[in-house]
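Structure, as structure tokens:
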Amino acid sequence: MTAKIKEWPGTPLRDTDIKEKKVLSTEWHPNLKYAWDCGVGYGRYFAELKNGKIIGTKCEKCHRVLLPARAFCELCFRTVDEWVYLKDTGTVNTFSIAYTDVQANRIKEPQIPALIEIDGSGGVGIMHLLEEVDPKKVKIGMKVKAVWKPKAQREGAITDIKYWKPL
Amino acid sequence: MAMRKVAIVGAGMTKFMRRALETGKELAWEANKMALDSCGLTMNDIESVAVGTAPDAFDMVHMKSEYLTDGTSGWRKPTMRGFVGGGTGVFTVAQGWYHVASGLFDTCLVIGEEKMSSCMPHPQAAFVTCWDQFTESPLQASLLWFFAWEMNRYMNAHGITEREIALSSVKNKKNALDHPCAQLAAEITVDDVMNSEVMAWPVKRLDVSPTSDGAAALVLASENVARRITDKPVWIEGVGWCLDSMYVGQRDLYYPQYVEVAARMAYEMAGITEPRREIHIAEPYDPFDYKELHHIEGLLLCDKGQAPKLLADGYFNRDGNLPTCPSGGLLGVGNAIAASGVMKVAELYWQLRGEAGKRQVPGKPKKGVAQAWGDEMQVGTVVVVGT
Amino acid sequence: MISSRVAIIGIGYTPFRTISPDVSFKEMMFEAAFKAYEDAGVNPRHDIDSFVDCAEDFTEGRSIFDIQAPDNIGAALRSIHTVCYDGIGGLIVGYMLIQTGQYKVVAVEAHSKLSNMLTPGYLVTHALDPVLNKPLGYNANYIAGMEMNRYLYDSGATREQCARVCVKNKMNAIDNPLASYGDRITVDDVLKSETTFYPLSRLDTAAPTDGSIVMVLASEEKAKVLAKKPVWIRGVGWCSDTPYLETRPWSEAAYARLSAEMAYKMASIKHPRKEIDIAEIDDSFSYKELQHMEALKLCHKGEAGSLVEEGATEREGELPINVSGGSLGVGWLGEATGLQRVLEIVLQLRGEAGKRQVPGITTGLAQSWRGVPTTTGTTIILSKE
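Line by line, the protein sequences are chains A, B and C.
Counting along the first sequence from 1, when you hit position 133 you're at 133 in the numbering used here, and nothing is skipped either side.
Quick note, the numbering used here runs 1000 ahead of the 1-based positions in the second sequence.
Quick note, the numbering used here runs 2000 ahead of the 1-based positions in the third sequence.
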């Protein structure tokens, strides 16, 4: 059947068609604001980040540390048993060297996002950025340490850790 | 209880384009019309509609499927939209399947639509709103980071190189030269891929499929109705879908466990015990070249880490032992998310009926598997079809 | 051709509160799911074959909300999908999954964390046609005002009769421990409250509340083993009318009529007014309850207003409607609103509705509408045996 059809529907446009107003278009800027309640798990996680500490929770049934800290274990489907403080050092589980930003624009200085296994968690990773390192030297398995914002600037957010650097 | 048989009896799609003149409604309408015309049915024959369309953030319309209703033929009908991120396209076929297999309806129109170009300046930016709003989005996490992490992990786990992976992009873009709707069909080489701009190492521009506008549709029918319409129905023999935990730090990204779980669900329903022997043709989801290989392994079509070697041997070429992405996949035809998933199932439908024209794989394939993926490296959706 | 039945075997819910700052939406989903699974006697990691989550991205404020669903309801690495529909739509999907014969136990979840959505007027406007309607720039709830205006004109119902709905439902809500907006008010109070979108006043409009609801469905075979008081699904229907403001019917809720027709046919119900003992129908705006009564054929066209006036739809009346307090009394729970209505019917059919219990009922109806600016809704019919 595909062989029989000669004209397939769809009219491709180019960016210039829009810019030069060759086609009619309409613009709208959404004004949608949200303020999400952090709840028990994330609430404590961020409160501890403000104190310069990383905290997780522990499920005694599967013996996993849960990071970021959460109130219930998704694999055992039960509430967690205790809070556990973890170190602010870790190991790079995977990483990338990004030359484009979130808007798909090219950036001069690459960003190095990584999944960092936090020491004390048994290999559980959190997402963050690496700095003070030559991108060519970053390796899976590299040991890194958190660089925190000064206490007065911390707000109780993941950005209270500025970045991670090699140990 | 014997399962009620459901067949695909018609298919249609639009071109996939970086930016279409048509609105989302119009794209959906075009694909639907072609699908209905292909089996001589009209909207009056359609009893239900299953709509697949990915994030509302692209079109910037809340409750997008309500807005699309006229285009999706949902007017005054039971219309349902399932949404599993990038897995949506293939999942929508499974959704259409359960509409008919439940016995509630004899026909269901499955429509996958995408209009990503409405999101300015670039649709990719919309993805920052999909990660965990507390722990991930504040870092301005780009979609590419996640892919790059996974590709890095996959390469690291099995000692695979970027060059070996690039061959998938070469194969699919070449296959797409024979697809009349393709957006990025081209004859390229591994060197071209290696020399293309690094976006987020190890991901390079030619490793990635483009954002696209487009739509694809299928008509599903129960056995009685299918046999009246066509003497070559393509049966939906198995469906499966699975979402993993969103906490990527608690998982290992080197292997798509969730694809395996979904595949097992689908194979079990289809009575397939040896997929490597029983599946003749596959359309795994290939938004990035390494993903095709990752998914081939998750679909249990080869051992973990072996896909690149088989790819290099020509095993997955159109004239190989197990053709994968004969359509040209997302890399070649385009990544109009939900529409691409439906396109993959449409490709299997045309291939199994011998109607794929220049893309036809040799040997009269009788069983195929289509798969899609998405979310936070989380979802596998699988459909097995057969004649 | 449906060969076997499906039942609701477990229900779980969090308290409904106008703000819920101490818990995240994840923790709310967990609480409701945990309770539902206890009620149904199932372990989500082993006994549930598929999960359905009901959510819209922009209501949650996340793209692909699906990402966040599995962990919170025990579905990590399991068969789960999200539907962009309300909770009753989720139940309908669960019903279809079980009727395929491939899945025996399905869980359905929906929630509201509307207290976290700071610009609700913009959210509604966001659902409009970007070319034809968004540029007009108003808070799209004007659509409800326009519809009420036309409905009153065509049906002969009055604003006073609409206000009676508010009075009845808020009064009913006082006896519902889950309700956020129970109150003793008069018709005058409603008419005197500030006009929002004429002829709607503030008290004519349901206000939001937070909460999560989970239900567990099972095939007949499983239900007979697991459930002490299964509530059977006798009929389901759902329908979408045109989204175009320019061409939609403005006084008839056609989506409700068509979805009810589908459900009544499946349930073999020929005289809804006689055969339905209790109903929970959409009253997110007061006039909607009247409009839906007529669309669902619970009364003749134009009759709804006077029936409410006469007290026929009170708890002790001949057809109790919104005994839970409806959305006007309980609060509007976004996509979970439909499940709140089903929850009431289930509690009533199980005989667990406490002070609100209506005696001697066997068949109930729950109906939903997806809210402004949609013309989409569902109907579900439940019974004791």
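Heads up, the beta-carbon is just placed ideally off N, CA and C, and yes, glycines get one too.
Within the stretch 1244 to 1276 of chain B, ranges of the alpha helix (DSSP H) (whole runs, at least 4 residues): 1257 to 1270
Amino acids of chain A, ordered along the chain, whose beta-carbon sits closer than 9 Å to that of lysine 2026/C: Gly39, Gly41, Tyr42, Arg70, Ala71, Phe72
Would a check of beta-carbon distances place alanine 35/A closer than 8 Å to chain C? yes
Assuming threonine 2100/C contacts tyrosine 1098/B under a Cβ cut-off of 8 Å, what Cβ separation, rounded to an integer in Å, is found between them? 5 Å
Show which residues of chain C have a CB atom less than 7 Å away from the CB atom of alanine 1176/B. Per Cβ cutoff of 7 Å: no residues; alanine 1176/B is ~27 Å from chain C at best.
Counting contacts by CB-CB distance shorter than 8 Å, is phenylalanine 46/A in contact with chain C? no
With a threshold of 16 other CB atoms inside 10 Å of the CB of glutamate 1114/B, please say whether the residue is buried or exposed. buried
Suppose you measure from the CA of threonine 2014/C to the CA of methionine 1017/B; what does that come to, to the nearest Å? 46 Å
So the candidates are Pro2177/C, Ile2321/C, Glu2220/C; which of them puts its Cα closest to the Cα of asparagine 2169/C? Ile2321/C
Using 10 angstroms around the beta-carbon of alanine 1370/B, count the other beta-carbons present and answer buried if the total reaches 16, otherwise exposed. buried
In the stretch 2097 to 2121 of chain C, which residues sit with their C-beta less than 7 Å from some C-beta in chain B, listed in chain order? Leu2097, Gln2099, Thr2100, Gly2101, Gln2102
If we define contact as Cβ-Cβ less than 8 Å, is arginine 2341/C a contact residue for chain B? no
Report yes or no: do three or more beta-carbon pairs, one from the stretch 2234 to 2252 of chain C and one from the stretch 1056 to 1069 of chain B, lie closer than 8 Å? yes
Does the stretch 82 to 92 of chain A touch the stretch 65 to 73 of chain A, meaning 3 or more C-beta pairs lie closer than 8 Å? yes
How would you call methionine 1116/B, buried or exposed, if buried means at least 16 neighbouring beta carbons within 10 angstroms? buried
Check whether the stretch 2188 to 2203 of chain C and the stretch 2306 to 2317 of chain C are in contact - that is, three or more C-beta pairs closer than 8 Å. no
Are the CB atoms of tryptophan 2332/C and serine 2284/C nearer to each other than 8 Å? yes
Identify, in the order they occur along the chain, each residue of the same chain with its Cβ nearer than 7 Å to the Cβ of methionine 1001/B, setting aside the five sequence neighbours on each side. With a pLDDT of only 45 at methionine 1001/B, under 50, the local geometry of the prediction cannot be trusted, and the value read off the model is given with reservation. Excluding residues within five positions, none has a Cβ falling inside 7 Å.
What are the boundary residues of the beta strand (DSSP E) that includes tyrosine 2013/C? 2006 to 2013
Go through its chain and collect everything with a Cβ distance to leucine 2296/C's Cβ below 8 Å, but skip five positions before and after it. Ala2256, Arg2257, Ala2260, Pro2272, Ala2279, Ile2281, Leu2365, Gln2367, Thr2379
Over what stretch of residues does the beta strand (DSSP E) that includes glycine 1112/B continue unbroken? 1107 to 1115
Does glutamate 2056/C get closer than 8 Å to chain B when you measure Cβ to Cβ? yes
Below 8 Å between beta carbons: does that hold for methionine 1194/B and glycine 1238/B? no
Three-pair Cβ contact test at 8 Å for the stretch 1094 to 1111 of chain B versus the stretch 1048 to 1056 of chain B: yes
is_contact[phenylalanine 1316/B, chain C] using C-beta, thresh 8 Å: no
Contact under 8 Å by Cβ, glutamate 2109/C with aspartate 2053/C: yes
Could you tell me the distance, in whole angstroms, from the CA atom of proline 1123/B to the CA atom of valine 40/A? 34 Å
Is arginine 106/A buried or exposed, if buried means 16 or more other CB atoms sit within 10 Å of its CB? exposed
If you check the beta carbons only, do leucine 2225/C and isoleucine 2011/C fall under 8 Å apart? For the record, residue 2225/C in the displayed sequence is valine; it is not leucine. No, the Cβ-Cβ distance between valine 2225/C and isoleucine 2011/C is not below 8 Å.
Does any residue of chain B bring its CB to less than 8 Å from the CB of arginine 2257/C? no
In chain B, which residues lie with their C-beta within 8 Å of the C-beta of glycine 2061/C? Thr1129, Gln1133
How big is the Cα-Cα spacing for arginine 14/A and arginine 1019/B? 7 Å
For a test of the three-state rule: what should DSSP assign to lysine 136/A, helix, strand or coil? helix
Flag valine 2131/C as yes if its beta-carbon sits less than 8 Å from any beta-carbon of chain A, otherwise no. yes
Assuming leucine 1218/B is part of the beta strand (DSSP E), what are its boundary residues? 1213 to 1222
Along the chain, where does the alpha helix (DSSP H) that runs through valine 2308/C open and close? 2304 to 2310
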